[in-house]
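Q: Those sequence lines, one after another, are chains A and B.
When you line the first sequence up against our numbering, it's residues 1 to 175, in that order.
When you line the second sequence up against our numbering, it's residues 1001 to 1179, in that order.
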Amino acid sequence: MTFEKRKNSDSRRGISILLAIALVLAGLFVGLVMTTDNPVELDVNPLTGVDLSGEWVGTTTQDYDGDQRYDYRMILTQNGNELSGVGILDMTTDYDVYAEEVLSGYIADGQVIYSEVETLVLDGTTMDRWCHTQTTLSYQVIDGQETLVGTWEYVLDEQRCEGITGRVILTRQSD
Amino acid sequence: MVEKRKNSDKRNGISLGFALLLLLGGLFAGMNLGVSSSNDAVLTEASVSVTTFEGEWIGTITEDYGAESRYDFRITLDNTTNTNGVVGMSYLDMAQEPEIYSESPIEGFVIGDEIFLSQVSTTVLENVQMDNWCLADITLSYQVLNGQETLVGTWTNAHFERVECDGISGRVILTRQSD
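1) Would you say THR48(A) faces chain B, with C-beta separation under 8 Å as the test?
2) Go ahead and label LEU170(A) buried or exposed: buried means 16 or more other beta carbons lie within 10 angstroms of its beta carbon, across all protein chains shown.
3) If you follow the beta strand (DSSP E) that PHE1073(B) is part of, which residue opens it and which one closes it?
4) From THR1188(B) to SER1090(B), what does the alpha carbon distance come to, in whole angstroms?
5) Quick check on PHE1116(B): does DSSP put it in helix, strand or coil?
6) Listed in chain order, which residues of the stretch 129-146 of chain A have Cβ atoms closer than 8 Å to some Cβ of chain B?
7) Determine the closest residue to ILE1111(B) out of THR1062(B), ASP1131(B), GLN1096(B) and VAL1086(B), with distance taken between C-alpha atoms.
8) Does any residue of chain B bring its CB to less than 8 Å from the CB of MET1(A)?
9) Is VAL149(A) near GLY124(A), with beta carbons less than 8 Å apart?
10) Which residue wins for smallest C-alpha separation from ALA1095(B), given the options ILE113(A), THR59(A) and ARG167(A)?
11) Run down chain A in chain order and give the residues with a C-beta less than 7 Å from the C-beta of ARG1070(B).
12) What's the gap between the Cα of SER1049(B) and the Cα of GLY1108(B)?
13) For chain A, is any of its Cβ atoms less than 8 Å away from the one on ILE1168(B)?
14) Quick one, which residues of the stretch 1133-1166 of chain B are near chain A if we go by CB-CB under 8 Å, in chain order?
15) Note the first and the last residue of the continuous beta strand (DSSP E) segment covering PRO1098(B).
16) I want to see whether chain B comes within less than 8 Å of VAL112(A), judged by CB atoms only; does it?
17) Just to confirm before moving on: does the CB-CB distance between LEU76(A) and GLY85(A) stay below 8 Å?
18) Indicate whether at least one CB of chain E lies closer than 8 Å to the CB of THR92(A).
19) Determine the direct distance from the alpha carbon of GLU146(A) to that of GLU55(A), and round the result to whole angstroms.
20) Shortest alpha-carbon distance to GLN220(A) belongs to which of GLU1054(B), THR1139(B) and THR1060(B)?
21) Just the Cα atoms here: how many angstroms apart are GLY1147(B) and THR61(A)?
22) Take the Cβ of MET74(A) as the centre, count every other Cβ of all protein chains shown within 10 Å, and call the residue buried at 16 or more, exposed below.
23) Buried or exposed: GLY49(A), going by 16 or more other Cβ atoms within 10 Å of its Cβ?
24) For the putative contact between TYR106(A) and LEU83(A), defined by C-beta atoms under 8 Å, what is the C-beta separation to the nearest angstrom?
25) Mind checking which residues open and close the beta strand (DSSP E) that includes ASN79(A)?
26) Exposed or buried, what is PHE1073(B) when buried is set at 16 or more other beta-carbons lying within 10 Å of its beta-carbon?
27) Could you tell me the alpha carbon to alpha carbon distance between PHE1053(B) and SER1141(B), rounded to whole angstroms?
28) Under 8 Å, do GLY1153(B) and THR1175(B) count as touching if we go by C-beta distance?
29) Assuming HIS1159(B) contacts ASP1137(B) (C-beta within less than 8 Å), just tell me the rounded distance between them.
30) Starting from the Cα of LEU1077(B), find the closest Cα among ARG1070(B), SER1047(B), GLU1063(B) and GLN1119(B) and give me that residue.
31) Going along the chain, which residues of the stretch 1056-1069 of chain B sit with their C-beta nearer than 8 Å to a C-beta in chain A?
32) Hey, how far is the Cα of SER1121(B) from the Cα of ASP94(A)?
33) First and last residue of the beta strand (DSSP E) that includes ASP123(A)?
Structure below.
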């Protein structure tokens, strides 16, 4: 009695295809691991073990209309993941606007997020021309220097303030 | 009768060679994927050139000694005919009292993602005397943080400055001025 051999009945061929797929996947995995600087560190919160409390100095910009900028100083207190403090803005360009703002915020997903919640001092302009903003910053140590770099935006519901944005760059003030 | 030799099955030999090719192909593809994904946050040194530094930069320069003053700091940079050379101007405006203001031409060069600048003279100086003023050598690293171009680094007294300026230093943090 004879029987006809079915197509693909050669088991070695099946194994070979599976093995080929496995080898490609293994190669992809090894390649990805080899070229990622430190894959484990990608998930590490850069703010772990960092106490942001203290004084930070730098610049904040208004990236609209006249592109103004301010000398920016921030005094922060960190309690767990909660932040509080004062932000001090002093315009370096055209008008001599000066403001002191109460800050309230938190740390989440490795980022610093805080809002201006109250204006303590405002010189050189009026409250109806002033907007409270929310700032999001990333912490980085660059060549041994602690930095906070990010952007601010308006997130409340006053129409006159909608769409305004800017940037923030800060370095920790030395003791 | 001819006895079949071990490994005489051609398909087996092709399969092994093919498997090796697939492994190497996967490795190559994986390495390329890895490279492209790690470039998102920070530009690689190879992609930074002298033209990267051209333009206007704004931020802060600190004096980390004495009264620990700080200045609003602005620099403009242009490429020179020299391949890695840069020239420009620096503007300092003290954030506190007294309101010291200074303008200084700067020269320097780029190596990789670092720029080395020297203030070469003082063309404007207000509210302080020249004998109380020191020019600076500045070293900055270029980084893109969350899409924002930054120059971060330090300064010391210029290498050609007088002895009284020795030991002074500070930090610099700049971001590119928007167009």
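Ideal Cβ positions, reconstructed from N, Cα and C, are used throughout, including at glycine.
A: Looking at the atomic coordinates:
1) Not one chain B Cβ lies under 8 Å of THR48(A).
2) So LEU170(A) ends up on the buried side.
3) For PHE1073(B), the uninterrupted beta strand (DSSP E) run begins and ends at 1070-1079, by DSSP.
4) No answer is possible for residue 1188(B): the residues shown for chain B start at 1001 and end at 1179.
5) Three-state DSSP puts PHE1116(B) in a strand.
6) In summary, the residues of the stretch 129-146 of chain A whose CB is separated from some CB of chain B by less than 8 Å are SER138, GLN140, ILE142, ASP143 and GLN145, in the order they occur in the chain.
7) By alpha-carbon distance to ILE1111(B), the top candidate from THR1062(B), ASP1131(B), GLN1096(B) and VAL1086(B) is VAL1086(B).
8) Below a pLDDT of 50, predicted positions are generally treated as unreliable, and MET1(A), at 48, falls in that range; no measurement from the model is reported.
9) It is not a contact, given that the beta carbons lie outside the stated cut-off.
10) With distances taken between Cα atoms, ALA1095(B) lies closest to THR59(A).
11) Those are VAL57, listed as they occur along chain A.
12) Using only the alpha carbons, I get a separation of about 14 Å.
13) No - not a single Cβ of chain A is within 8 Å of the one on ILE1168(B).
14) Closer than 8 Å at the C-beta level to chain A, one finds these residues of the stretch 1133-1166 of chain B: SER1141, GLN1143, LEU1145, ASN1146, GLN1148, THR1150, VAL1152, GLY1153 and THR1154.
15) No beta strand (DSSP E) holds PRO1098(B); DSSP gives it neither H nor E.
16) Taking Cβ atoms only, chain B never reaches closer than 8 Å to VAL112(A), which makes this a no.
17) Contact: yes.
18) No chain E appears in this structure, whose protein chains are A and B.
19) In this structure, the straight-line span from the alpha carbon of GLU55(A) to that of GLU146(A) is close to 12 Å.
20) Since the displayed chain A opens at 1 and closes at 175, residue 220(A) lies outside it and no answer follows.
21) Put simply, the backbone Cα of GLY1147(B) is about 15 Å away from that of THR61(A).
22) By the 10 Å Cβ count, MET74(A) comes out buried.
23) GLY49(A) is exposed by the Cβ-count criterion.
24) By a beta-carbon distance limit of 8 Å, TYR106(A) contacts LEU83(A). Their separation comes to about 6 Å.
25) Where ASN79(A) is concerned, the enclosing beta strand (DSSP E) stretches over 69-79.
26) Counting other Cβ atoms within 10 Å of its Cβ, PHE1073(B) reaches 16 or more and is therefore classed as buried.
27) Computed Cα separation, rounded: 10 Å.
28) Cβ atoms of GLY1153(B) and THR1175(B): not closer than 8 Å.
29) Correct: roughly 6 Å between the Cβ atoms.
30) Among ARG1070(B), SER1047(B), GLU1063(B) and GLN1119(B), the Cα nearest to that of LEU1077(B) belongs to GLN1119(B).
31) Against chain A - using a Cβ distance shorter than 8 Å - the residues of the stretch 1056-1069 of chain B are ILE1058, GLY1059, THR1060, THR1062, ASP1064 and GLU1068.
32) It is roughly 26 Å from the alpha-carbon of SER1121(B) to the alpha-carbon of ASP94(A).
33) For ASP123(A), the enclosing beta strand (DSSP E) stretches over residues 111-123.
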